[in-house]
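*Asks:* In this text, residue positions in the sequence shown follow full-length UniProt numbering: the first is 1, and each later residue adds one. Sharing a structure, written as structure tokens. Questions coming.
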Amino acid sequence: MSETILDLKNVCFSWKNSGRELLNLPELLVEQHDHVFLQGPSGSGKSTLLALVGGILVSESGTLKVLGTEIKSLSSSARDAFRVDHIGFIFQLFNLLPYLSIEENVMLPLIFSKIRAERAGRTKFDQVNETHRLLRALELEEPLAKKSTVIELSVGQQQRVAAARALIGNPELVIADEPTSALDSDLRHSFLELLFSECKKSGTTLLFVSHDSSLSELFKKVIS
Numbered sequence: 001m002s003e004t005i006l007d008l009k010n011v012c013f014s015w016k017n018s019g020r021e022l023l024n025l026p027e028l029l030v031e032q033h034d035h036v037f038l039q040g041p042s043g044s045g046k047s048t049l050l051a052l053v054g055g056i057l058v059s060e061s062g063t064l065k066v067l068g069t070e071i072k073s074l075s076s077s078a079r080d081a082f083r084v085d086h087i088g089f090i091f092q093l094f095n096l097l098p099y100l101s102i103e104e105n106v107m108l109p110l111i112f113s114k115i116r117a118e119r120a121g122r123t124k125f126d127q128v129n130e131t132h133r134l135l136r137a138l139e140l141e142e143p144l145a146k147k148s149t150v151i152e153l154s155v156g157q158q159q160r161v162a163a164a165r166a167l168i169g170n171p172e173l174v175i176a177d178e179p180t181s182a183l184d185s186d187l188r189h190s191f192l193e194l195l196f197s198e199c200k201k202s203g204t205t206l207l208f209v210s211h212d213s214s215l216s217e218l219f220k221k222v223i224s
């Protein structure tokens with residue numbers, strides 16, 4: 001029996017005193033190993049939903065459980081710890097640190113999460129090997145990893161570094177927020193195939209958000 005990764009019921013959110021509801025979601029259930037495509041136009045609440053799932057925002061009403069944990073019951077610091085332990089993010093702008101090498105960028109979550117560090121390897125040597133395995137799987141040349149900073153890479157290469165960073169340490173959930181918006185059609189499909197493959201290997205659930213409806217055909221579960 002698969003584990004429930006996300007369980008949302010009657011979740012609402014609006015900025016205080018704004019008078020405008022940004023999100024009203026009656027129900028959402030995501031199971032382990034699901035690859036879910038969440039689509040909708042700009043302003044439909046997709047990014048708000050991701051921020052709520054990640055514990056960056058807290059819902060006003062309803063229940064939002066990630067891995068069985070009610071997110072709004074946690075303190076701010078506990079939400080931060082829970083997020084880095086269990087959720088990998090791929091952002092639209094990638095959010096890589098330009099002064100760090102590729103390898104250092106990928107391994108950042110292991111500094112902040114003991115759980116993901118242990119999953120990546122028992123020793124630093126093992127963790128470096130896992131970093132390089134991910135980079136090879138995502139078709140990045142291994143010799144670049146130690147010597148090159150991310151600003152030397154193309155947009156497509158930076159995106160794959162961001163994916164490796166999200167995947168390292170086998171988080172239960174990876175959230176991808178418009179990660180293919182800067183890529184052409186061929187690169188989008190290639191990236192998604194690689195991402196699906198790595199998520200399948202590690203048993204990671206994928207929540208993929210995009211306004212590009214043409215990508216939905218690649219997913220078994222689509223939510224509008």
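Think of the CB as a built atom: it goes at the ideal place given N, C-alpha and C, for glycine as much as any other residue.
1) With the cut-off set at 8 Å, would you say T69 and L57 are in Cβ contact?
2) Which residues bound the beta strand (DSSP E) around I5?
3) Hey, T4 and L29 are a contact pair by Cβ (cut 8 Å); roughly how many whole angstroms apart?
4) Under 8 Å, do R122 and G169 count as touching if we go by C-beta distance?
5) Specify the secondary structure class of H35 as computed by DSSP and reduced to three states.
6) Could you check whether the stretch 94-107 touches the stretch 33-50, counting it as contact only if at least three pairs of C-beta atoms, one from each stretch, sit closer than 8 Å?
7) Since G88 sits in a beta bridge, which residues does DSSP pair it with?
8) Apply the 10 Å Cβ neighbour rule to E198 and answer buried if 16 or more other Cβ atoms are within range, or exposed otherwise.
9) Any idea what DSSP makes of K200, helix, strand or coil?
10) Do the stretch 102-118 and the stretch 134-141 touch if we need at least three Cβ pairs shorter than 8 Å?
11) Quick check: S59 and F13, are their CB atoms within less than 8 Å of each other?
12) Taking the C-alpha atoms as reference points, what is the distance between M107 and E142?
*Replies:* Judging by the given coordinates:
1) no
2) 4-14
3) 7 Å
4) no
5) strand
6) no
7) V174
8) buried
9) helix
10) yes
11) yes
12) 14 Å
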